[in-house]
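Numbering (my numbering), first residue to last: 1378 to 1877.
Ideal placement from N, C-alpha and C gives every residue a C-beta, glycine not left out.
Note that this is a predicted model, so its numbers are computed, not measured.
To start, the structure under review is shown below, and the notes come after it.
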Amino acid sequence: MHKIDKLIKSLNDFIAKVDDEENIEDVVPDFPGLYKLPAIIEDYEITVARLLRAQRKRFLKAFNTFVSKDDKQTLEAFLVFLKSDLFAADEFAEEFGEETAEFLQLTVEELAKLMMESIDKDVPFEILSKRTTDWIQNWSKDLAELMQLNTHKALENELLQAIEDGDSIAEAELRMKEMPQFNRNRARATARTEILTASSRAHYESFKQSPAVKEKKWKHSGAKKINPRATHMAMDGVTIPVDDFFYVDGESGLYPRDPSFTAKNRVHCGCVLGPVVDEDILGLSKDEKEKLRQEALDEMGGPSTSRRNNGKIEDEVSYRPIENIEEWDEKVSELWRNKLTVAEATAIRNYTDDVYRPINKYLRENKLDGYSEEEIKQIIKDISSGISKFDLEDNIITYRGLEDNIWNLPPEILVGMKLEEQSFVSTSINKAVSFDGSFKGKVQMEWRIPMGTVGAYVNSISEFDHEHEFLLNKGTKYKVIDAFEEDGIIKMIVEVINGA
1378 MHKIDKLIKS
1388 LNDFIAKVDD
1398 EENIEDVVPD
1408 FPGLYKLPAI
1418 IEDYEITVAR
1428 LLRAQRKRFL
1438 KAFNTFVSKD
1448 DKQTLEAFLV
1458 FLKSDLFAAD
1468 EFAEEFGEET
1478 AEFLQLTVEE
1488 LAKLMMESID
1498 KDVPFEILSK
1508 RTTDWIQNWS
1518 KDLAELMQLN
1528 THKALENELL
1538 QAIEDGDSIA
1548 EAELRMKEMP
1558 QFNRNRARAT
1568 ARTEILTASS
1578 RAHYESFKQS
1588 PAVKEKKWKH
1598 SGAKKINPRA
1608 THMAMDGVTI
1618 PVDDFFYVDG
1628 ESGLYPRDPS
1638 FTAKNRVHCG
1648 CVLGPVVDED
1658 ILGLSKDEKE
1668 KLRQEALDEM
1678 GGPSTSRRNN
1688 GKIEDEVSYR
1698 PIENIEEWDE
1708 KVSELWRNKL
1718 TVAEATAIRN
1728 YTDDVYRPIN
1738 KYLRENKLDG
1748 YSEEEIKQII
1758 KDISSGISKF
1768 DLEDNIITYR
1778 GLEDNIWNLP
1788 PEILVGMKLE
1798 EQSFVSTSIN
1808 KAVSFDGSFK
1818 GKVQMEWRIP
1828 MGTVGAYVNS
1838 ISEFDHEHEF
1848 LLNKGTKYKV
1858 IDAFEEDGII
1868 KMIVEVINGA
């Protein structure tokens, strides 16, 4: 059995067990790397339960303001107020949508990492495609609106029944408190349904980004306690290109449980997706496979990172590596170089040689080495003013290798941290320069640099023009998007924070 097949089997065995266990964290997945899943699902369930309790509390608080002498008149008046005012002001959909998007992105990323590594170690997961992050946003919003609508409809029906039955204020309040739409079981069902959704999307994303996967295969795997659908049994073994749709009962979807299916094909579906691998492509060089992966990402809207603010996903920004270095050099270098003063050009050129050592020592440690304080401050001023004249009009990816873990923190702790470089930061637009076969360092950083960042492509005046250096200004702030250890090397994705 191939590693990817073992992973898929373990993942689906885990999901099947999750449906039966009261405590998700008691379920231990039988595959290295899946150990994070129970805690992620449990956290999401707790969050959904909290949001449902808060929603119920808001409605009950509003209800209690309508207490009057005439029970019937009060319930009818409250029903009118509920439909005309309270439903419109309900914050549940917005809050739930944000939390669900966060959960789906985290889960899809975790699973995609494992799946892509299991398919081909030469092509590890780096970032989700924009197509998938768009899907996460859209599905989270749709699911949130659907859940809120169902709650509103159930609440309206409950009050109508209370009026018809002639309930008292206390009886109507008890009806609202005990509605299943607000209880923990709904939170549990939601969390366990959406792990299935995330798993299915991770399959699709991984297969799409993995050059060796040419087709996908529908696999029927009926779960216990569930009567298998004849139409799903008939789909077993159906193999189609990764981007094609499966057609089931007159409906179409990219994978089992695709939200584009209706409930009749989604609910209690235990089917899975498997990859059909081209062994010839597995035998290609890493560079050839990486080029194919980039082509697939471009087809899916490019790589995308999600900006987060206090844990909430905001607008997405697509970043791209500089593919044609010579062409980009011609586009940006001469225009920038012509803006520089002699002092600025000299300071930057000397920095790329060996002056970077005393400059950064002063910026990091406030210690002088070979220059007076007045001289070093002037050089720093000239470098900063020079690189600030560069107009970065693209969202680009650069690379930087470090000898050691300068933060002295494990990678999982670094994720999400906002950091600041006191010194100037040398990066390269050429990945091979930073991470070639001679690299002996312990950290590989991928820098995502948004347009407008203060930095410059200094290659045209550098003492070492083979380095393709993009120099970031002193005081650059950045956020760690991802960090993990692989083969003894810490690999990081960071994003520059502008305006911070």
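Give a yes or no on whether the C-beta atoms belonging to residue i and residue j are separated by under 8 Å.
{"i": "residue 1741", "j": "residue 1800", "result": "yes"}
{"i": "residue 1803", "j": "residue 1778", "result": "no"}
{"i": "residue 1451", "j": "residue 1485", "result": "no"}
{"i": "residue 1763", "j": "residue 1722", "result": "yes"}
{"i": "residue 1819", "j": "residue 1867", "result": "yes"}
{"i": "residue 1826", "j": "residue 1873", "result": "yes"}
{"i": "residue 1619", "j": "residue 1644", "result": "no"}
{"i": "residue 1492", "j": "residue 1579", "result": "yes"}
{"i": "residue 1480", "j": "residue 1432", "result": "no"}
{"i": "residue 1585", "j": "residue 1653", "result": "no"}
{"i": "residue 1568", "j": "residue 1739", "result": "no"}
{"i": "residue 1773", "j": "residue 1726", "result": "no"}
{"i": "residue 1490", "j": "residue 1473", "result": "no"}
{"i": "residue 1418", "j": "residue 1572", "result": "yes"}
{"i": "residue 1436", "j": "residue 1551", "result": "no"}
{"i": "residue 1855", "j": "residue 1769", "result": "no"}
{"i": "residue 1775", "j": "residue 1805", "result": "yes"}
{"i": "residue 1674", "j": "residue 1575", "result": "no"}
{"i": "residue 1757", "j": "residue 1732", "result": "no"}
{"i": "residue 1541", "j": "residue 1553", "result": "no"}
{"i": "residue 1850", "j": "residue 1761", "result": "yes"}
{"i": "residue 1429", "j": "residue 1564", "result": "yes"}
{"i": "residue 1702", "j": "residue 1845", "result": "yes"}
Going by beta carbon distance, what residues of the same chain come within less than 7 Å of residue i, once the five residues before and after it are set aside?
{"i": "residue 1730", "result": "1840"}
{"i": "residue 1780", "result": "1818 and 1819"}
{"i": "residue 1688", "result": "Unreliable placement is indicated for residue 1688, whose pLDDT of 41 sits below 50; no coordinate value is reported for it."}
{"i": "residue 1378", "result": "Note that residue 1378 scores a pLDDT of 46, beneath 50, so its modelled location is shaky and nothing firm can be said."}
{"i": "residue 1669", "result": "1588"}
{"i": "residue 1384", "result": "1408, 1491, 1492 and 1495"}
{"i": "residue 1439", "result": "1463"}
{"i": "residue 1465", "result": "none"}
Which residues bound the alpha helix (DSSP H) around residue i?
{"i": "residue 1421", "result": "1414-1441"}
{"i": "residue 1576", "result": "1561-1586"}
{"i": "residue 1500", "result": "Neither: residue 1500 is in no alpha helix (DSSP H) and is coded neither H nor E."}
{"i": "residue 1787", "result": "Run containing residue 1787: none; DSSP gives neither H nor E here."}
{"i": "residue 1677", "result": "Unbroken run through residue 1677: none, as it is neither H nor E."}
{"i": "residue 1534", "result": "1507-1542"}
Look up residue i in the DSSP assignment and give the residues it is bridged to.
{"i": "residue 1556", "result": "Its beta-bridge partners do not exist; DSSP assigns none."}
{"i": "residue 1832", "result": "1849"}
{"i": "residue 1860", "result": "1869"}
{"i": "residue 1774", "result": "1698 and 1825"}
{"i": "residue 1854", "result": "1797"}
{"i": "residue 1652", "result": "1593"}
{"i": "residue 1805", "result": "1776 and 1846"}
{"i": "residue 1485", "result": "None; residue 1485 has no bridge partner."}
{"i": "residue 1820", "result": "1779 and 1867"}
If I measure Cβ to Cβ from residue i and keep anything under 8 Å in the same chain, skipping five residues before and after, which residues do I get?
{"i": "residue 1686", "result": "The predicted model places residue 1686 with a pLDDT of 43, which falls under 50 and marks its position as unreliable; any figure quoted below should be read in that light. If we look at residue 1686 and ignore the five residues flanking it on each side, it has no Cβ neighbours."}
{"i": "residue 1530", "result": "none"}
{"i": "residue 1512", "result": "1578"}
Quick one: give me the first and last residue of the beta strand (DSSP E) that residue i is part of.
{"i": "residue 1595", "result": "1590-1596"}
In its own chain, which residues sit with a C-beta less than 6 Å from the C-beta of residue i, not counting the 5 before and 5 after it?
{"i": "residue 1767", "result": "1713 and 1833"}
{"i": "residue 1788", "result": "1860, 1861, 1862 and 1867"}
{"i": "residue 1813", "result": "none"}
{"i": "residue 1646", "result": "1633 and 1634"}
{"i": "residue 1870", "result": "1823, 1858 and 1859"}
{"i": "residue 1461", "result": "none"}
{"i": "residue 1794", "result": "1857"}
{"i": "residue 1405", "result": "Confidence at residue 1405 is low in this model, with a pLDDT of 47, below 50, so the placement of that residue should be treated as unreliable; the coordinate-derived value is given next. Answer for residue 1405: no residue qualifies."}
I'd like to know if residue i contacts chain B, where contact means its C-beta is closer than 8 Å to some C-beta of that chain.
{"i": "residue 1619", "result": "Absent from the structure is chain B; it holds one protein chain and no more."}
* To do: Entirely within the stretch 1604-1650 and at least 4 residues each: give me those alpha helix (DSSP H) ranges in chain order.
  => 1607-1612 and 1640-1643
* Please go through the stretch 1716-1771 and give each complete alpha helix (DSSP H) segment of 4 or more residues, from N-terminal end onward. => 1719-1727, 1733-1742 and 1750-1764
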